[in-house]
Amino acid sequence: MQATGAPTQASLDEVALPLAALMRHLVTETSPDFFKEVERLDLSFTQVKAMNLLSDGDPLSVKGMSDAIGLSLAGVSRAVEGLVQRGMVKRAENPDDRRAKQLTLTAKGRNTMQGLVRLRLAGVRIFVAELDRPQREALRGALELVMEHPDIKLSEMQT
């Protein structure tokens, strides 16, 4: 299906506003156990974001992570240092540039992220279970199309 022109702000808002409301609901109402675990682990949101970026297995530099998260190099560097000290992230030389460091999740970091994903997914499952059948089917149908977007990886949610 070809686009017939650039979408208007109003047409974007027809989707963006309900989607933002749903996201807000999912984050605030279905994630208390997730947030309790983040607090128990004494992780900052920057650290959770950093570990999430590393969870696909590809090594990243601190600069690459800073660019991806949209935070300062210094802030990301501090967050990563805490994760390295706690054994959740490994910092190693880049084989192509020994001055640069590559970051990867350790087994402890992967286990931590898998636990957080399980908690997040449990909350979303509760939300989905509360929908009636037509709502679930409509949501599933819409998500099938949206999941074709190349930046969305269902595998990240499967633990």
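So for the sequence shown, the working numbering puts the first residue at 50; every next one is plus one. Virtual Cβ for every residue (Gly too), placed ideally from N, Cα, C.
>> Using the three-state DSSP reduction, which class does residue 192 fall into: helix, strand or coil?
In response: For this step, residue 192 is matched to residue 143 along the sequence shown. In this structure, residue 192 counts as helix in the three-state DSSP scheme.
> Which whole-angstrom value is the C-beta distance of residue 109 and residue 152, which I expect to be below 8 Å?
Replying inline: Start at 1 with the first residue of the sequence shown, and residue 109 comes out as number 60. Start at 1 with the first residue of the sequence shown, and residue 152 comes out as number 103. About 5 Å; that satisfies the 8 Å criterion.
>> If we require 3 or more residues per run, which beta strand (DSSP E) segments fall completely within the stretch 131-186?
In response: 138-143, 146-154
> DSSP three-state call for residue 92: helix, strand or coil?
Replying inline: Taking the sequence shown and counting its residues from 1, the one referred to as residue 92 is at position 43. Three-state result, residue 92: coil.
> Can you tell me whether DSSP reads residue 120 as helix, strand or coil?
Replying inline: Taking the sequence shown and counting its residues from 1, one reaches residue 120 at position 71. In this structure, residue 120 counts as coil in the three-state DSSP scheme.
> When burial is assigned at 16 or more other CB atoms within 10 Å of the CB, is residue 129 buried or exposed?
Replying inline: Residue 129 sits at position 80 when you count from the first residue of the sequence shown. That one is buried.
>> Which residues does DSSP list as the beta-bridge partners of residue 109?
In response: In the sequence shown, the residue the question calls residue 109 occupies position 60. According to DSSP, which records beta bridges pairwise, residue 109 is partnered with 152.
>> Going by DSSP, what residue range makes up the alpha helix (DSSP H) through residue 74?
In response: Here residue 74 corresponds to residue number 25 of the sequence shown, with the count starting at 1. Its alpha helix (DSSP H) spans residues 58-78.
> Any idea what DSSP makes of residue 86, helix, strand or coil?
Replying inline: Mapped onto the sequence shown, residue 86 falls at position 37. DSSP places residue 86 in helix when its eight states are reduced to three.
> Ordered along the chain, which non-local residues of its own chain (more than five positions away) have a Cβ less than 7 Å from that of residue 117?
Replying inline: Sequence index remark: in the sequence shown, residue 117 carries index 68 (1-based). Here the set comprises 102.
>> residue 168 and residue 83 - do their beta-carbons sit closer together than 7 Å?
In response: The count along the sequence shown starts at 1 and reaches residue 83 at position 34. The count along the sequence shown starts at 1 and reaches residue 168 at position 119. Contact: yes.
> Which of the three DSSP states, helix, strand or coil, is assigned to residue 99?
Replying inline: In the sequence shown, counting from the first residue as 1, residue 99 sits at position 50. Helix at residue 99.
> Could you give the C-beta distance for residue 176 and residue 75, rounded to a whole number, given that I count them as a contact under 8 Å?
Replying inline: Within the sequence shown, numbered from 1, the residue matching residue 176 stands at position 127. Within the sequence shown, numbered from 1, the residue matching residue 75 stands at position 26. Correct: roughly 6 Å between the Cβ atoms.
> Contact check, residue 114 vs residue 162 under 8 Å by CB: the rounded distance?
Replying inline: As a working mapping, residue 114 is identified with position 65 in the sequence shown. As a working mapping, residue 162 is identified with position 113 in the sequence shown. With 8 Å as the limit, residue 114 and residue 162 do not qualify as a contact, their Cβ atoms being about 15 Å apart.
> On the premise that residue 150 lies in contact with residue 111, defined as a C-beta separation below 8 Å, what is that separation, rounded to the nearest angstrom?
Replying inline: Along the sequence shown, one-based indexing puts residue 111 at 62. Along the sequence shown, one-based indexing puts residue 150 at 101. Indeed, because the Cβ distance is near 7 Å, the residues count as touching under 8 Å.
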